[in-house]
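Take a look at the structure set out below.
2 protein chains.
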Amino acid sequence: MEFFQVLTLTEARKALAEHWPRIKREPIVRDLTEALGLELTQDVVAGENIPGFARATVDGFAVRSRDTFGASEGNPLPLRLKGEVLMGRPAEITVGPGEAVAVSTGGMMPGGADAVVMLEHTESLPSGWINILRPVAPGENVMREDEDVKKGQLVLEAGRRLRPQDIGVLAALGYRKVVVWEPWRVGILATGEEIVPPEAKPGPGQVRDINSYTLYALVRSCGGEAKLYGIVPDDLDLLRERVSRALAENHVVLLSGGSSVGTRDLTLRLLAEWDEGVILFHGVSIRPGKPTLAAVVGDKMIFGLPGHPVSAMVSFELFVRPLLSYGYFKSPEEEPVVEAILSRPLLSDAGREDFVRVRLVAGEEGLLAVPIPGKSGLISTMVKADGLVSIPLNKAGLEAGSRVKVRLFA
Amino acid sequence: MEFFQVLTLTEARKALAEHWPRIKREPIVRDLTEALGLELTQDVVAGENIPGFARATVDGFAVRSRDTFGASEGNPLPLRLKGEVLMGRPAEITVGPGEAVAVSTGGMMPGGADAVVMLEHTESLPSGWINILRPVAPGENVMREDEDVKKGQLVLEAGRRLRPQDIGVLAALGYRKVVVWEPWRVGILATGEEIVPPEAKPGPGQVRDINSYTLYALVRSCGGEAKLYGIVPDDLDLLRERVSRALAENHVVLLSGGSSVGTRDLTLRLLAEWDEGVILFHGVSIRPGKPTLAAVVGDKMIFGLPGHPVSAMVSFELFVRPLLSYGYFKSPEEEPVVEAILSRPLLSDAGREDFVRVRLVAGEEGLLAVPIPGKSGLISTMVKADGLVSIPLNKAGLEAGSRVKVRLFA
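From first to last, the protein sequence lines are chains A and B. The opening position of the first sequence corresponds to residue 1 in the numbering used here, with each subsequent residue numbered one higher. The opening position of the second sequence corresponds to residue 1 in the numbering used here, with each subsequent residue numbered one higher.
This is how it looks when you write it as structure tokens:
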């Protein structure tokens, strides 16, 4: 048996981040409504100004601002009401000296006008005149024709993961389709002599496959496309055939249980067969999740996740989710957390980073993080948990009453 | 024109939360792989014990714990190695006094044994004997047959929104299909004389529809199913026809621009026509998003969101996302946030809750939240933003250097 150096979480992530750019995807064309969460293959540069014409931002009267200087409640300045700009229509009237034109929020500014006086700051007079009761500065209550987006401006950079607002600006620029990288395709394979599918009645010594289904859902929760490749017993030929197929059809393959004693050697033997296979790490100083393995095979990546359901999920959260979701590992301060007070002390071994399952309960002084005890083979502990609290590498534990940051499960 | 009382955010949310349970959905059957994020219609009670048999949690030797009492490196206790339990197979051997049986992690405990001595705490002797070098307590390194889930136990409650681990425990219990409430269906309608679809070339005074596309993506990001119902000009008959169809086909209808001056009256006239229509609020003391309207029509809900793209998005985040995602409004401390330092002072009017767009940049003392100035009609400001900082109702602003909590966009 070969021995591998156990890496720290930081070292393991560094190795993954270095190799991740080698995992290649194809560009695809998507309708704007189906592009959420996908990444642009190219920069988007504005082909036009947005909104494309000067618009009123309030209901009121378009005026020449100089005509309003000195206006007040005590010194109303009368202007002749020349007409109205209709919504969605060109402003065909021009505002001359001493004139005003009615305009609604979003309406086109008429020629000659450089500001809008709010309706509330005017009073109507008989026979087509209005009184201005407050002055406006040039540009006041007006959106310039290029104020949202300027023609030629870089609006979205290549690699941008499209959020709802990004899709909004693409709509504003006239896109109905967009070129994005295809979603990550992830093949999932369970290994182990004792595993049977959920629909089977397990015999003595057998348990149903949990990891395939949690991993499938985890991949989907990252916006990836998941595919199950079943359960493989400890048989090198079968494992080779199934892993090869999963690698051919996906960008990433997740083996669960593949790093546990029984099948670990098989997985390593398989990886050793491939010339283009490089093992990035095998063993990380975290708990749970220590026996995690990662390898690059050509332009594909393989993760060997632990067989214990809790360990497999924690390992996914620490290594796989960040890559599928962002393509890199966020610093701890960039990750959204909930602050809570630890309900009881936690012990840890120095030299190992612990990830403790906690549930959140409302306490008198805010949220309490209540650790959930239980072995990493117990999926029910994850069902009770809301998130994870980490005990850093160099700490022997956390005291009761400590302020902790809880990373909520997706 | 009718006048409505402007509610605070808290009051408006209270009204929504009270009426939300009236919005009805049908149960559907989903494969376990397609059930992520959907809610169980019924409690799930365990029909069996999980794992269903006592299992070893380490590689080692199953023993009678009393046979190991007093064992140490200096006082090794020999046991006769009686055989091996194979993974995934029934343990057909029984451990008698003075005997041990080899077992792997996850393997079935043989009869008679009540603990497992780790491989590392034994040494093998010639001719079928091993030495025990450390004692084990009863139950040590063993998972009981009902330790994960006990038969008859309530595992998941009705209404539970399925997370990956919940799907995992369902797999463990033998489910391949599950009965859940159908996803929320949300119809989306843009209103306004000036709005044209993205594929059109806007004439003078016209702008492309942004809100339909941002709202579509926002609904999808909550796990809902979105459907576009196009753009409706200011025409009561057309609006009635389109809103009626959207209401018939969906649980929730989002009108954007429907609360702006031009179409607000039309929307209100339409709601007044329906006997079963109740306006929950029309106007909230927030900025942006003030002209938000909500109404219940029978067992459906209508939101009139502001026409400005930023306002429509903020309003969605504050009112619609929590209902679609959780069915209630989380307390501020339950919402995941990122802590940052405000880069410059922010002013606000007391009596109004402001939601300020910020982007996050790495500063020397942690993340900086940099406010993004700009009118609420500018979608580009949302493209630059990473999240929102709130200035509470009773505050006139926030000082530069304040610690703020940033709610990141999905």
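Where a beta carbon is used, it is the ideal one built from N, C-alpha and C, also for glycine.
Counterpart residues of residue i in DSSP-defined beta bridges
i, result
"N131 (chain B)", "B:P78, B:E123"
"I93 (chain B)", "Answer is none; I93 (chain B) lacks a bridge partner."
"H463 (chain B)", "A question about residue 463 (chain B) goes unanswered here, because the residues of chain B that appear run from 1 up to 410."
"V320 (chain B)", "Partner(s): none; V320 (chain B) has no beta bridge."
"K227 (chain B)", "B:G187"
"H308 (chain B)", "DSSP, once it has assigned bridges, lists no residue as partnering H308 (chain B)."
"F303 (chain A)", "A:L254, A:A294"
"A346 (chain A)", "Residue identity differs from the one stated: residue 346 (chain A) is Leu in this sequence, not Ala. According to DSSP, which records beta bridges pairwise, L346 (chain A) is partnered with A:L398."
"F61 (chain B)", "B:A102, B:V117"
"P202 (chain A)", "In the DSSP output, where bridge partners are listed per residue, P202 (chain A) has none listed."
"K177 (chain B)", "B:D31"
Test item: CB-CB of residue i and residue j under 8 Å
i, j, result
"G377 (chain B)", "T57 (chain A)", "yes"
"A100 (chain A)", "R80 (chain A)", "yes"
"G277 (chain A)", "A295 (chain A)", "yes"
"S221 (chain A)", "A400 (chain A)", "no"
"Y328 (chain B)", "A15 (chain B)", "no"
"G192 (chain B)", "G257 (chain B)", "yes"
"Y216 (chain B)", "A200 (chain B)", "no"
"G159 (chain B)", "V117 (chain B)", "no"
"V252 (chain A)", "K300 (chain A)", "yes"
"L32 (chain A)", "V180 (chain A)", "no"
"D43 (chain B)", "E120 (chain B)", "no"
"I167 (chain A)", "A46 (chain A)", "no"
"A246 (chain B)", "L189 (chain B)", "yes"
"P288 (chain B)", "S325 (chain B)", "no"
"M108 (chain A)", "Q165 (chain B)", "no"
"S348 (chain A)", "K395 (chain A)", "yes"
"L236 (chain A)", "R264 (chain A)", "no"
"P97 (chain B)", "R64 (chain B)", "yes"
Nearest-angstrom Cβ-Cβ length linking residue i and residue j, presumed shorter than 8 Å
i, j, result
"M87 (chain A)", "G112 (chain A)", "In fact, because the Cβ distance is near 20 Å, the residues do not count as touching under 8 Å."
"A340 (chain B)", "L368 (chain B)", "6 Å"
"F316 (chain B)", "L218 (chain B)", "5 Å"
"E84 (chain B)", "A115 (chain B)", "About 17 Å; that fails the 8 Å criterion."
"L280 (chain B)", "L239 (chain B)", "About 20 Å separates the two Cβ atoms, so there is no contact after all."
"M286 (chain A)", "L318 (chain A)", "The sequence given here has Ile at residue 286 (chain A), not Met. So it is a contact: roughly 7 Å between Cβ atoms."
"V337 (chain A)", "K405 (chain A)", "4 Å"
"S72 (chain B)", "R134 (chain B)", "7 Å"
"R30 (chain A)", "K177 (chain A)", "7 Å"
"G95 (chain B)", "A62 (chain B)", "In the sequence on display, residue 95 (chain B) carries Val and not Gly. About 6 Å separates the two Cβ atoms, so the contact holds."
Cross-chain neighbours of residue i in chain B, by beta carbon under 9 Å
i, result
"V338 (chain A)", "E333, E334, E335, P336, V337"
"G174 (chain A)", "P198, E199, A200, K201, P202, R208"
"F409 (chain A)", "R163, P164, Q165"
"Y229 (chain A)", "None at all; the shortest Cβ gap to chain B is about 13 Å."
Within chain A, partners of residue i - CB distance below 9 Å
i, result
"Y216 (chain B)", "L32, T33, L36, P164, I167"
"L126 (chain B)", "It is worth fixing the name first, because residue 126 (chain B) is Pro in this sequence and not Leu. Neighbours of P126 (chain B) on chain A: none; closest Cβ ~23 Å, over 9 Å."
"G192 (chain B)", "M87, G88, G106"
"M313 (chain B)", "P164, Q165, G168"
Contacts that residue i makes with chain A (C-beta to C-beta distance below 8 Å)
i, result
"T57 (chain B)", "K375, G377"
"G366 (chain B)", "E333"
"D354 (chain B)", "Those within 8 Å of D354 (chain B) in chain A number zero; the least Cβ separation is about 18 Å."
Chain-ordered chain B contacts of residue i [CB-CB under 7 Å]
i, result
"P309 (chain A)", "G168"
"M118 (chain A)", "None at all; the shortest Cβ gap to chain B is about 12 Å."
"V149 (chain A)", "S380"
"S221 (chain A)", "L36, P164"
Partners in chain B for residue i, counting only beta-carbon separations shorter than 8 Å
i, result
"F53 (chain A)", "P204, G205"
"P90 (chain A)", "G203, P204, G205"
"L154 (chain A)", "Near L154 (chain A) there are no residues of chain B at all, since even the closest Cβ is about 11 Å away, more than 8 Å."
"V186 (chain A)", "In chain order: nothing, as chain B lies at least about 13 Å away."
Interface partners of residue i on chain A, CB under 7 Å
i, result
"S285 (chain B)", "The contacting residues do not exist; S285 (chain B) stays about 18 Å from chain A at best."
"A171 (chain B)", "P198, R208, D209, I210, Y213"
"V417 (chain B)", "Residue 417 (chain B) lies beyond the residue range present for chain B, which begins at 1 and ends at 410; the question has no answer from this structure."
"V101 (chain B)", "Here the premise fails: no neighbours, minimum Cβ distance about 13 Å."
Exercise. Is the segment 353-366 of chain B in contact with the segment 384-391 of chain B, if contact means three or more CB pairs nearer than 8 Å?
Worked result: yes
Exercise. Between the segment 172-181 of chain B and the segment 215-233 of chain B, do three or more beta carbon pairs fall short of 8 Å?
Worked result: no
Exercise. Is the segment 138-154 of chain A close to the segment 203-217 of chain A, with three or more CB pairs under 8 Å?
Worked result: no
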